[in-house]
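Structure record follows, encoded as structure tokens.
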Amino acid sequence: MQGSRCAYCEGPVSEDNRHIEHFRQRDRYPQGTFDWQNLFGSCNRPGTCGDHKDKCGAYPHQDLIKPDVEDPEALLVFTPNGAIRPRAKLQPHDHRRAKETIRILGLDGALNQIRRTEVVGYIQTAELFAEMAETFSEDEWLPLLQEEILRTAHLPFATAIRHVLTRQSETA
Numbered sequence: 080m081q082g083s084r085c086a087y088c089e090g091p092v093s094e095d096n097r098h099i100e101h102f103r104q105r106d107r108y109p110q111g112t113f114d115w116q117n118l119f120g121s122c123n124r125p126g127t128c129g130d131h132k133d134k135c136g137a138y139p140h141q142d143l144i145k146p147d148v149e150d151p152e153a154l155l156v157f158t159p160n161g162a163i164r165p166r167a168k169l170q171p172h173d174h175r176r177a178k179e180t181i182r183i184l185g186l187d188g189a190l191n192q193i194r195r196t197e198v199v200g201y202i203q204t205a206e207l208f209a210e211m212a213e214t215f216s217e218d219e220w221l222p223l224l225q226e227e228i229l230r231t232a233h234l235p236f237a238t239a240i241r242h243v244l245t246r247q248s249e250t251a
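80 is the number of the first residue of the sequence shown in this note's numbering; add one for each residue after it.
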């Protein structure tokens, strides 16, 4: 499911930058210590993801978007400047869960600059696709966009790249 990316931020994980993450914190849910449905691969980036989650205090685990059960893209959107925010027009319950997921996992802040660095090269590509959409028929430009999205799907921060390429933050 994750490839070599963090389950929460989609940043790269490597031999020296990863750990097994318990979605529901072990000290509050010890019966989930060895439950496969409670385990994810997470980066060791200080102040984000599992590191941040385990230090942020008590919270209802239902407030977090569980990435193997629901699609985080339905609730979250990435901007070209590297920020992450709740999608527009969410129901109040989902908006709260999106905000809490961002807060509890520390997905906003230090990660913004890292994501910005990863997506900046795709901003111009997105602009080219927007120009193509104005000039050519969808049959001519859409397959090229889809090919570019497939080419980037394995990269760290692939969802942020896809959101930039498809200009989702402008419509979400």
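Where a beta carbon is used, it is the ideal one built from N, C-alpha and C, also for glycine.
Go ahead and label residue i buried or exposed: buried means 16 or more other beta carbons lie within 10 angstroms of its beta carbon, across all protein chains shown.
| i | result |
| --- | --- |
| phenylalanine 215 | exposed |
| arginine 84 | buried |
| proline 165 | buried |
| glutamate 197 | buried |
| glutamate 227 | buried |
| alanine 239 | buried |
Assuming residue i contacts residue j under a Cβ cut-off of 8 Å, what Cβ separation, rounded to an integer in Å, is found between them?
| i | j | result |
| --- | --- | --- |
| valine 92 | cysteine 122 | 5 Å |
| leucine 244 | alanine 205 | 5 Å |
| leucine 169 | isoleucine 163 | About 14 Å; that fails the 8 Å criterion. |
| glycine 185 | histidine 131 | 3 Å |
Straight-line CA distance for residue i to residue j?
| i | j | result |
| --- | --- | --- |
| histidine 242 | valine 199 | 12 Å |
| phenylalanine 55 | phenylalanine 119 | The displayed coordinates of the chain run from 80 to 251. Any statement about residue 55 would go beyond what the structure contains. |
| arginine 194 | glutamate 89 | 10 Å |
| phenylalanine 113 | leucine 190 | 29 Å |
| glutamate 179 | aspartate 133 | 14 Å |
| glutamine 104 | glutamate 249 | 35 Å |
| alanine 209 | glutamate 217 | 11 Å |
| proline 222 | arginine 107 | 48 Å |
| arginine 175 | glycine 161 | 21 Å |
| isoleucine 202 | proline 159 | 7 Å |
So what does DSSP say about residue i, is it helix, strand or coil?
| i | result |
| --- | --- |
| isoleucine 99 | strand |
| proline 91 | strand |
| arginine 246 | coil |
| valine 148 | coil |
| arginine 107 | coil |
| cysteine 185 | Sequence check: residue 185 is glycine here, not cysteine. Coil, per DSSP. |
| glycine 129 | helix |
| alanine 137 | coil |
Would you list the one or two residues that DSSP bridges to residue i?
| i | result |
| --- | --- |
| glycine 120 | Ile99 |
| leucine 155 | Pro165 |
| arginine 84 | Pro91 |
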